[in-house]
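Working notes, beginning with the structure itself.
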Amino acid sequence: MICAGNVEDGGVDTCQGDSGGPLTDEAVSKLLGLTSCGYGCAQPGFPGVYTQVSYFLDWIAENSK
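Each residue of the sequence shown is one higher than the one before, counting from 1 in UniProt numbering.
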């Protein structure tokens with residue numbers, strides 16, 4: 001799992017209905033995670049929780065042949 005968002009101030013994160021959406025690193029055009037859950041919408045002190053895609057790369061490769 002990856003926790004991400006603006007923890008101090010809030011305002012930057014996913015919201016209800018965003019499950020399965022991407023967490024990307026735009027600097028390198030890389031998918032890092034998929035939205036899993038969170039508390040409210042971009043609340044200070046409550047980062048979003050994402051499934052770490054790199055953990056599943058072997059499974060993805062094996063099942064997408």
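Note that beta-carbon positions come from the ideal geometry of N, C-alpha and C, so glycine has one too.
Taking Cβ to Cβ, would you say residue i is nearer than 7 Å to residue j?
i     : j    : result
Pro47 : Gly5 : yes
Ala42 : Val7 : no
Can you give me the C-alpha to C-alpha distance between residue i and residue j, rounded to a whole angstrom?
i     : j     : result
Leu23 : Thr35 : 7 Å
Gly45 : Cys15 : 15 Å
Ala61 : Gln52 : 15 Å
Gly21 : Lys65 : 23 Å
Asp25 : Ser19 : 18 Å
Kindly give me the distance between the Cβ atoms of residue i and residue j, rounded to whole angstroms, as I take these residues to be in contact under 8 Å.
i     : j     : result
Leu32 : Ile2  : 6 Å
Val49 : Gly38 : 6 Å
Checking the sheet assignment: what are the DSSP bridge partners for residue i?
i     : result
Thr35 : Tyr50
Thr24 : Leu31
Cys3  : Val49
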